[in-house]
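*Asks:* Please find one structure pasted underneath; my questions will follow.
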RNA sequence: GCCGACGUAGCUCAACUGGUAGAGCAGCGGUUUUGUAAACCGCCGGUCCUGGGUUCGAAUCCCAGCGUCGGCUCCA
């Protein structure tokens with residue numbers, strides 16, 4: 001399954017965003033070795049195909065499917081120029097320059113043509129050409145992108161002082177392609193497949209190069225696996241947070257504010273509940289909450305470096321000849337609170353939390369529901385501490401993150417990103433910061449992965465990833481140990497016990513990341529059926545007939561008084577309909593009141609989806625106690 | 001921003017090749033008082049995204065803008 005990109009506003013607390021737009025050429029693989037043709041088992045036996053499904057072979061099958069697709073496209077659209085066609089997670093794609101835009105009908109025709117090629121069971125045959133020969137060959141076939149690839153390979157070899165290596169080709173039936181391989185033995189070994197979509201894609205991912213047409217497809221060893229994958233795509237659509245947001249009346253988007261959500265009462269209630277839970281957790285951990293201005297003079301951004309490096313993402317306004325910007329990050333302003341008075345070593349650590357509303361001018365084409373927005377709120381905090389306190393602070397953050405993950409049943413994974421090539425500050429400081437992060441991770445007992453060079457340019461960081469119910473990976477929290485940017489650019493100091501001025505260390509961190517995005521992830525993970533503790537409506541009181549309405553309202557009032565979010569459905573709908581509506585709204589608890597219950601001062605508790613036989617009828621007082629306890633426990637169901 | 005698709009009632013969707021917009025749900029009014037996922041009847045509801053153009057005539061065709069969706073990261 002294709003995961004969403006993990007780098008977005010949730011992960012970039014600070015200047016990191018500046019560095020994301022990296023267009024460095026990725027190093028291409030060395031020249032082709034003897035690339036094996038996999039000997040896949042004969043087609044037709046699902047078990048054998050499954051057994052043979054070693055990762056490399058599945059990739060070979062996917063890559064082979066890309067070739068077959070290219071064959072079909074070249075056949076149906078003469079003059080097609082070929083880009084690249086790799087295997088990717090769950091499938092493959094191929095990029096083409098075509099005489100006209102593709103339509104969904106074309107996909108069906110291409111698919112059909114592919115099936116014919118698979119049925120023909122053409123063997124894949126490897127060939128080899130000297131570099132110059134290869135270039136002439138593809139030049140002669142009017143394939144400029146292939147020629148460019150060969151030129152790059154030759155240039156790279158020349159730069160390394162080597163002669164260009166021979167290049168390999170793969171032919172199946174009528175189709176020949178420049179290709180490193182490997183492939184399956186023949187087209188007949190390609191499993192069940194499906195073409196999925198057409199999309200534009202810049203040649204080599206660079207916006208200054210031509211826009212090609214990319215066709216995505218998926219292929220699997222067995223029909224069951226294909227079906228399971230297609231089901232997962234369907235399920236993802238059903239769980240789409242944009243659809244759920246409308247269905248559950250949580251938020252909406254309107255064209256007057258692209259990239260910014262309008263929060264409806266229930267959505268705002270969910271938001272508030274998440275925020276309040278975090279506040280409570282932070283209060284126990286010694287945080288203080290602050291709030292800084294949203295509209296700030298350019299002087300601040302010049303000092304922080306954003307003006308140079310991040311200006312294109314900042315919304316600017318002018319007033320009385322002065323230029324201001326909506327803040328895209330909280331960190332620079334946080335330092336003004338730190339510096340508002342002299343700080344003593346006794347003040348540290350100083351943990352300043354801020355639920356700041358941020359604006360970033362993202363490209364219009366990248367906006368996507370709550371997951372990619374122009375306006376959002378981070379559960380941000382900046383921790384100012386002495387260097388010797390750093391490790392303990394990181395440990396506390398890991399613990400905080402664990403606690404928050406438990407509220408939702410998420411199992412976090414950790415990734416430590418260390419000093420990148422381009423980094424600010426003294427390497428010795430970096431080593432200390434990295435050692436603190438590493439020690440804290442080790443002490444936490446959690447497993448983690450080190451990714452060398454993946455830190456922010458001013459700080460090593462720990463990114464925290466979670467998998468949702470559909471096995472998609474999301475980055476939520478990030479923790480960055482900044483010894484350089486805030487402390488030095490903003491000249492932060494404290495006075496130590498000997499009266500000397502010292503430089504503090506800062507930590508940038510967010511646990512939910514952006515509230516918008518986190519809510520989007522929650523909705524998709526739970527398919528809208530949120531845990532009791534954070535559900536916007538925790539219970540609906542369902543009265544059966546008019547004569548039960550008074551009791552229903554009394555019960556509703558009692559539960560609301562106990563701090564629960566409860567609605568009373570005293571409409572004249574039949575109870576079946578009331579239950580249906582509550583189920584559709586994913587309300588966790590329905591409390592049924594009829595003659596029996598009113599008589600006994602009880603209510604029948606129907607949990608979301610629970611059949612009547614399993615329902616319990618209990619007294620109001622007991623019910624209120626149990627529900628309040630359940631809400632306070634913040635369990636993930 | 002770029003490529004492509006899409007934009008009809010609050011929501012989900014119809015309207016053959018251009019002939020003047022329709023259904024279900026929701027909402028509103030009534031009837032109904034019901035025991036675990038839809039009671040019945042009626043009513044209201046549309047600048048067919050916006051602005052130009054072609055045409056006797058445009059939701060439908062053309063151009064521009066806005067918005068949404070899928071991508072633009074997987075490297076022969």
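In this note's numbering, the protein residues as written are 1 to 637.
In this text, a Cβ means the ideal position worked out from N, Cα and C, and glycines have one as well.
Could you name the residues that DSSP lists as bridge partners for residue 216?
*Replies:* To locate residue 216, count along the first chain from 1; it is residue 216. Beta-bridge pairing links residue 216 to 93 and 197.
*Asks:* Could you tell me if residue 295 is buried or exposed, where buried requires 16 or more neighbouring beta carbons within 10 angstroms of its beta carbon?
*Replies:* For the purposes of this step, residue 295 is taken as the residue at position 295 of the first chain. Exposed, by the Cβ-count rule.
*Asks:* So the alpha helix (DSSP H) residue 396 belongs to, where does it begin and stop?
*Replies:* Residue 396 sits at position 396 when you count from the first residue of the first chain. Looking at the DSSP string, the run of the alpha helix (DSSP H) that includes residue 396 is 390-408.
*Asks:* In whole angstroms, give me the CA-to-CA distance for residue 580 and residue 247.
*Replies:* Indexing the first chain from 1 puts residue 580 at position 580. Indexing the first chain from 1 puts residue 247 at position 247. Spanning the two alpha carbons is a distance of roughly 14 Å.
*Asks:* Leaving out five residues on either side along the sequence, give the residues of the same chain with a beta carbon under 7 Å from the beta carbon of residue 79.
*Replies:* For the purposes of this step, residue 79 is taken as the residue at position 79 of the first chain. Cβ within range, chain order: 99.
*Asks:* On the three-pair Cβ rule with 8 Å, is the stretch 589-604 touching the stretch 540-549?
*Replies:* yes
*Asks:* For residue 421, count neighbouring Cβ atoms within 10 angstroms of its own Cβ and tell me buried if that reaches 16, exposed if not.
*Replies:* Numbered from its first residue, the first chain carries residue 421 at position 421. By the 10 Å Cβ count, residue 421 comes out exposed.
*Asks:* Taking just the CA atoms, how far does residue 323 sit from residue 501?
*Replies:* Here residue 501 refers to the residue found at position 501 when the first chain is read from its first residue. Here residue 323 refers to the residue found at position 323 when the first chain is read from its first residue. Rounded to whole angstroms, residue 501 and residue 323 show a C-alpha spacing of 34 Å.
*Asks:* With a threshold of 8 Å on Cβ separation, who are the neighbours of residue 495 within its own chain once the five nearest residues in sequence on each side are excluded?
*Replies:* The sequence position of residue 495 within the first chain is 495, counting from 1. Closer than 8 Å at the Cβ level, and outside the excluded window around residue 495, lie 342, 343, 344, 345, 501 and 502.
*Asks:* Reducing DSSP to helix, strand and coil, say where residue 308 ends up.
*Replies:* By one-based count along the first chain, residue 308 stands at place 308. The answer is helix: DSSP assigns residue 308 an H, G or I state.
*Asks:* With a threshold of 6 Å on Cβ separation, who are the neighbours of residue 512 within its own chain once the five nearest residues in sequence on each side are excluded?
*Replies:* The residue given as residue 512 occupies position 512 in the first chain. Taking C-beta separations shorter than 6 Å and ignoring five residues to either side along the sequence, the partners of residue 512 in its chain run 379 and 518, following chain order.
*Asks:* Would a C-beta distance cut-off of 7 Å place residue 436 and residue 394 closer than the cut-off?
*Replies:* For the purposes of this step, residue 436 is identified with residue 436 of the first chain, where counting begins at 1. For the purposes of this step, residue 394 is identified with residue 394 of the first chain, where counting begins at 1. Yes, they are a contact pair.
*Asks:* Using 10 angstroms around the beta-carbon of residue 539, count the other beta-carbons present and answer buried if the total reaches 16, otherwise exposed.
*Replies:* Here residue 539 is taken as the residue at index 539 of the first chain, counted from 1. With 16 or more other Cβ atoms within 10 Å, it is buried.
*Asks:* What residue from 286, 197, 230 and 190 has the CA that sits closest to residue 221's CA?
*Replies:* Working through the first chain from its first residue, we reach residue 221 at position 221. If we check each option's Cα against that of residue 221, 190 comes out closest.
*Asks:* To the nearest whole angstrom, what separates the beta carbons of residue 82 and residue 258, a pair I think is in contact under 8 Å?
*Replies:* Locating residue 82 in the first chain gives position 82, counting from the first residue. Locating residue 258 in the first chain gives position 258, counting from the first residue. About 36 Å; that fails the 8 Å criterion.
*Asks:* For the stretch 235-308, list the beta strand (DSSP E) runs that are entirely contained and at least 3 residues long, ordered along the chain.
*Replies:* 295-297
*Asks:* How would you write the range of the beta strand (DSSP E) that residue 463 sits in, first residue to last?
*Replies:* Looking up residue 463 in the first chain gives position 463. Where residue 463 is concerned, the enclosing beta strand (DSSP E) stretches over 461-467.
*Asks:* Which residue from 317, 250, 340 and 301 puts its Cα closest to that of residue 290?
*Replies:* Position 290 of the first chain holds residue 290. Minimum Cα distance to residue 290 is reached at 340.
*Asks:* I want to know whether the stretch 102-112 touches the stretch 128-146 - three or more CB-CB distances under 8 Å.
*Replies:* no
*Asks:* Locate the beta strand (DSSP E) running through residue 430, then write down its first and last residues.
*Replies:* In the first chain, residue 430 corresponds to position 430, counting from 1. If you look at residue 430, you'll find it isn't in any beta strand (DSSP E); it sits in the alpha helix (DSSP H) that goes 427-444.
*Asks:* So the beta strand (DSSP E) residue 322 belongs to, where does it begin and stop?
*Replies:* Position 322 of the first chain, counted from the first residue, corresponds to residue 322. In the DSSP annotation of this structure, the continuous segment of the beta strand (DSSP E) that includes residue 322 starts and ends at 322-326.
*Asks:* Determine contact between the stretch 130-141 and the stretch 149-159, defined as no fewer than three beta-carbon pairs at a distance below 8 Å.
*Replies:* yes
*Asks:* I'd like to know if the stretch 310-326 and the stretch 565-572 are in contact, where contact means that at least 3 CB-CB pairs between them fall below 8 Å.
*Replies:* no
*Asks:* In whole angstroms, what separates the C-alpha of residue 639 from that of residue 619?
*Replies:* Because the chain here runs from 1 to 637, residue 639 falls outside it and cannot be looked at.
*Asks:* Could you name the residues that DSSP lists as bridge partners for residue 449?
*Replies:* To locate residue 449, count along the first chain from 1; it is residue 449. DSSP, once it has assigned bridges, lists 415 as partnering residue 449.
*Asks:* Is residue 28 helix, strand or coil by DSSP?
*Replies:* Position 28 of the first chain, counting from 1, holds the residue named residue 28. Model confidence at residue 28 stands at a pLDDT of 25, short of 50, so the residue's coordinates are unreliable and nothing is read from them.
*Asks:* Within 10 angstroms of its Cβ, does residue 67 collect 16 or more other Cβ (buried), or is it exposed?
*Replies:* Reading the first chain from its first residue, position 67 is the one you call residue 67. Label assigned to residue 67: buried.
*Asks:* Would you kindly check if the distance between the Cβ of residue 264 and the Cβ of residue 186 is under 7 Å?
*Replies:* In the first chain, the residue the question calls residue 186 occupies position 186. In the first chain, the residue the question calls residue 264 occupies position 264. Cβ atoms of residue 186 and residue 264: not closer than 7 Å.
*Asks:* Would you identify the three-state DSSP class for residue 205, choosing helix, strand or coil?
*Replies:* Residue numbering aside, residue 205 sits at position 205 when the first chain is read from its first letter. Here residue 205 sits in helix by DSSP.
*Asks:* Over the uninterrupted alpha helix (DSSP H) stretch that includes residue 336, give me the two end residues.
*Replies:* Taking the first chain and counting its residues from 1, one reaches residue 336 at position 336. 331-338 is the span of the alpha helix (DSSP H), which, as asked, contains residue 336.
*Asks:* Please classify residue 117 as buried or exposed, where buried requires at least 16 other C-beta atoms within 10 Å of its C-beta.
*Replies:* For this step, residue 117 is matched to residue 117 along the first chain. Buried.
*Asks:* Under a Cβ-count criterion, where at least 16 other Cβ atoms within 10 Å of its own Cβ denotes burial, should residue 160 be classed as buried or exposed?
*Replies:* Here residue 160 refers to the residue found at position 160 when the first chain is read from its first residue. When all chains shown are included, residue 160 counts as exposed.
*Asks:* Hey, would you say residue 382 sits closer than 7 Å to residue 334, going by beta carbons?
*Replies:* Position 382 of the first chain holds residue 382. Position 334 of the first chain holds residue 334. A contact, by the Cβ cut-off of 7 Å.
*Asks:* Is the closest heavy atom of the ligand FMN to the C-beta of residue 458 under 6 Å?
*Replies:* As for the ligand FMN, it is missing from this structure, which has no ligand bound.
*Asks:* Just confirm the distance between the C-beta atoms of residue 95 and residue 212, as a whole number of angstroms; I'd bet it's less than 8 Å.
*Replies:* For the purposes of this step, residue 95 is identified with residue 95 of the first chain, where counting begins at 1. For the purposes of this step, residue 212 is identified with residue 212 of the first chain, where counting begins at 1. With 8 Å as the limit, residue 95 and residue 212 qualify as a contact, their Cβ atoms being about 4 Å apart.
*Asks:* Just how far apart, CA to CA, sit residue 26 and residue 254?
*Replies:* The residue labelled residue 26 in the question sits at position 26 within the first chain. The residue labelled residue 254 in the question sits at position 254 within the first chain. Residue confidence is low: residue 26 scores 25 on pLDDT, short of 50, so the model does not pin down where it sits. No coordinate-derived value is stated.
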